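Residue 29 in the numbering used here sits at position 29 of the sequence shown, and the numbers go up by one each step. Okay, structure first, notes after.
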Amino acid sequence: MTKGQAEAKISEAVSKFEIEFMGRGPKQIRTLIFQDMIVIRLKGFLSQSEQKLAENSQGVELLKKVRVTLFESARSCLEALIKEVVDIDIISTYSDVSTKTGEKIIVITVGENLEDRFDK
Numbered sequence: 001m002t003k004g005q006a007e008a009k010i011s012e013a014v015s016k017f018e019i020e021f022m023g024r025g026p027k028q029i030r031t032l033i034f035q036d037m038i039v040i041r042l043k044g045f046l047s048q049s050e051q052k053l054a055e056n057s058q059g060v061e062l063l064k065k066v067r068v069t070l071f072e073s074a075r076s077c078l079e080a081l082i083k084e085v086v087d088i089d090i091i092s093t094y095s096d097v098s099t100k101t102g103e104k105i106i107v108i109t110v111g112e113n114l115e116d117r118f119d120k
């Protein structure tokens, strides 16, 4: 498998996760593997009601709390999906949502340089 193929498979897995566990999939998703990190950028994943909620500071705070809680409760499922693709132990998973841009970033750290594992 090439690095590009792995990145595409990870994007598919994360999109599936977002639909099944978070309630809505992204309009765009991009995955980049860089050394011992997997960086996933999702665009257009907030629903219209979430976008409306994010129009004031109390709504932003509530939205972030809900999204973090949902993500944390399903983290092990996401990590299992990623591990199926890259077959490597995951050290940690980080996530944040920008209510300003409607983007989400997920960063996954693994125990070794993933780039060394792929066909060139």
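Glycine included, each C-beta is placed from N, C-alpha and C at the ideal position. This structure is a prediction, so every number in the text was calculated from the model and none was measured.
DSSP beta-bridge partners of residue 28: 43
Can you round the beta-carbon distance between residue 103 and residue 24 to whole angstroms, since I take them to be within the 8 Å contact cut? Going by Cβ atoms, the distance from residue 103 to residue 24 rounds to 14 Å, so no, they are not a contact pair.
Helix or strand or just coil, what does DSSP make of residue 2? strand
Residues sharing a beta bridge with residue 98, DSSP: 103
Report the partner residues of residue 92 according to the DSSP bridge assignment. 109
Quick check on residue 118: does DSSP put it in helix, strand or coil? coil
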